[in-house]
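Numbers 310 to 635, taken from our numbering, label the letters of the sequence shown in order.
Each remark here refers to the structure printed beneath this line.
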Amino acid sequence: MKRAFIYLAILALGISILAGCRAARTTGAKKVHIGIVQIVEHPSLNTIRESFIAGLAELGYKEGENIIIDYQNAQGDQSNLKSICQRFVSKKYDLIVAIATPSAQAAVGQTKEIPIVFAACTEPVGSGLVADLQKPGGNVTGTSDAISAAKIMELAERITPGFKTVGALYNASETNSLAVIKELKEYAQKRGWEVVEATVTNSSEVQQAAASLVGKADIIFSPTDNTVASAMPVVAQVAKKAKIPVYVGADSMVKDGGLATYGVNYEVLGKETAKIAAQILKGAKPGDIPVKVMSDLDIYVNLETARAIGVTIPEDILEQAKVFEK
Numbered sequence: 310m311k312r313a314f315i316y317l318a319i320l321a322l323g324i325s326i327l328a329g330c331r332a333a334r335t336t337g338a339k340k341v342h343i344g345i346v347q348i349v350e351h352p353s354l355n356t357i358r359e360s361f362i363a364g365l366a367e368l369g370y371k372e373g374e375n376i377i378i379d380y381q382n383a384q385g386d387q388s389n390l391k392s393i394c395q396r397f398v399s400k401k402y403d404l405i406v407a408i409a410t411p412s413a414q415a416a417v418g419q420t421k422e423i424p425i426v427f428a429a430c431t432e433p434v435g436s437g438l439v440a441d442l443q444k445p446g447g448n449v450t451g452t453s454d455a456i457s458a459a460k461i462m463e464l465a466e467r468i469t470p471g472f473k474t475v476g477a478l479y480n481a482s483e484t485n486s487l488a489v490i491k492e493l494k495e496y497a498q499k500r501g502w503e504v505v506e507a508t509v510t511n512s513s514e515v516q517q518a519a520a521s522l523v524g525k526a527d528i529i530f531s532p533t534d535n536t537v538a539s540a541m542p543v544v545a546q547v548a549k550k551a552k553i554p555v556y557v558g559a560d561s562m563v564k565d566g567g568l569a570t571y572g573v574n575y576e577v578l579g580k581e582t583a584k585i586a587a588q589i590l591k592g593a594k595p596g597d598i599p600v601k602v603m604s605d606l607d608i609y610v611n612l613e614t615a616r617a618i619g620v621t622i623p624e625d626i627l628e629q630a631k632v633f634e635k
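Below you can see the structure in the form of structure tokens.
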């Protein structure tokens, strides 16, 4: 009896040790380190980040379990972007996720080895991020939030017909904005419109730039410009006082007071970015993954803004639009 007891005790100890070893291997498994860099805080970019993290979790990559996320916001400062990306590289993170074009350009400038996935880069080729949308090459790929200035102007004609002068409000140092403004000018020339420009270099200049268009422009247009988007409530305030419609490039800019846009759903874009990241974490090479250009675009309108400036949104537009209303 005693011998049997000793045998059972030894067996139990062995099982306990094996279980402990297995648990140690599980808890000691290497977590994937992901650095997320964002140029500035504004609703569209925040939505991308949040939906990206949620999308990763849906795909089995959960923060605190098998991935560690280091999120850094550059506060609109280019030197901060560079420092953040340098730190990610020095720590040899497994993946860098760069939200918006300036973030992606900073990341690409710091490493040719660590995989980079960009999100919401309007002109990935023109910005020097990839060689080709279908075959990016190198260590970079991601998602594009390319919008059509022509499509947004067509929407503007349906909502507020008869305008002849378009005020273009943007940061001239953002390559994504330059590409859209170029398209705007080409389309305006065909329509016989005049484009009056007001450019900024930082968010503190946005209010004055918007005010400079009052009396010069029948409508204002701002692309998916990070500088303007971060100060969109200020633009809305100026425009409402002057009763000027503001057409924009992003849904968040409509939510923050713009009148309307025809653009990207950034929650969907964040999820698509997560899918690309998951492919890379499973071993795919970034350069072999085509850039995802968002094709599902929606109309967004702000009814509170419409009322404030005395504009009635046509019923056929309301029927298909996503509406913001306080």
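We put the CB at the ideal spot given by N, CA and C, even for glycine.
Quick caveat, the model's predicted, so the values are computed rather than measured.
C-alpha distance - residue i paired with residue j, whole-angstrom precision
i      : j      : result
Ala318 : Gly369 : Summary for Ala318: the model assigns pLDDT 47, below 50, so the residue's position carries little reliability, and this model does not support an answer.
Ala477 : Ala366 : 39 Å
Val544 : Gly566 : 8 Å
Leu404 : Val600 : 17 Å
Cys330 : Lys339 : Its pLDDT being 41, under 50, Cys330 is placed unreliably in this model, and the value from its coordinates should be taken loosely. The alpha-carbon atoms of Cys330 and Lys339 are separated by roughly 16 Å.
Val563 : Tyr609 : 7 Å
Val632 : Gly572 : 13 Å
Ala540 : Val515 : 7 Å
Ala409 : Thr510 : 16 Å
Arg334 : Val341 : In this predicted model, Arg334 has a pLDDT of only 36, less than 50, meaning its place in the structure is not dependable; the value taken from the coordinates is given anyway. If you take the alpha carbons of Arg334 and Val341, they lie about 16 Å apart.
Ile622 : Gly451 : 35 Å
Asp675 : Leu590 : Past the edges of the chain, shown from 310 to 635, lies residue 675, and the structure says nothing about it.
Thr582 : Pro445 : 15 Å
Thr336 : Gly373 : A caution first: Thr336 carries a pLDDT of 40, below 50, which makes its placement in the model too unreliable to give a value.
Ala520 : Lys494 : 21 Å
Val555 : Gly619 : 13 Å
Val504 : Pro470 : 16 Å
Ala593 : Ser388 : 31 Å
Arg500 : Tyr575 : 30 Å
Ser482 : Ala429 : 17 Å
Ala569 : Val557 : 7 Å
Residue i in three-state terms, based on DSSP
i      : result
Leu438 : coil
Phe530 : strand
Val449 : strand
Tyr370 : coil
Gln347 : strand
Glu432 : coil
Asn375 : coil
Asn389 : helix
Thr356 : helix
Phe472 : coil
Asp607 : strand
Ala569 : strand
Ala551 : helix
Gln384 : coil
Boundaries of the alpha helix (DSSP H) in which residue i is found, first to last residue
i      : result
Thr294 : Missing from the structure shown is residue 294; the chain here goes from 310 to 635 and no further.
Asp560 : Asp560 to Lys564
Glu492 : Thr484 to Arg500
Val600 : Unbroken run through Val600: none, as it is neither H nor E.
Asn535 : Asn535 to Ser539
Ala519 : Val515 to Ser521
Lys400 : Run containing Lys400: none; DSSP gives neither H nor E here.
Integer Cβ distance of residue i from residue j, believed to fall under 8 Å
i      : j      : result
Ala680 : Ile528 : No information on residue 680 is available, as it lies outside the stretch 310 to 635 that the chain covers here.
Val349 : Gln384 : 6 Å
Glu634 : Leu606 : Actually they are not in contact, since the Cβ atoms of Glu634 and Leu606 sit about 21 Å apart, beyond 8 Å.
Val489 : Ile456 : 6 Å
Span of the beta strand (DSSP E), counted from its first residue to its last, around residue i
i      : result
Val426 : Ile425 to Ala428
Ala407 : Leu404 to Ile408
Glu506 : Glu503 to Val509
Distance CB(residue i)-CB(residue j) smaller than 7 Å
i      : j      : result
Ile357 : Gly579 : yes
Ser436 : Thr508 : no
Ala262 : Leu438 : Nothing about residue 262 can be read from this structure; the chain reaches only from 310 to 635.
Val426 : Val398 : no
is_contact[residue i, chain D] using C-beta, thresh 7 Å
i      : result
Asp527 : Chain labels in this structure do not include chain D; a single protein chain is all it has.
Residue i Cβ short of 6 Å to the ligand MN heavy atom set
i      : result
Phe427 : Ligands displayed in this structure: none; no statement on the ligand MN is therefore possible.
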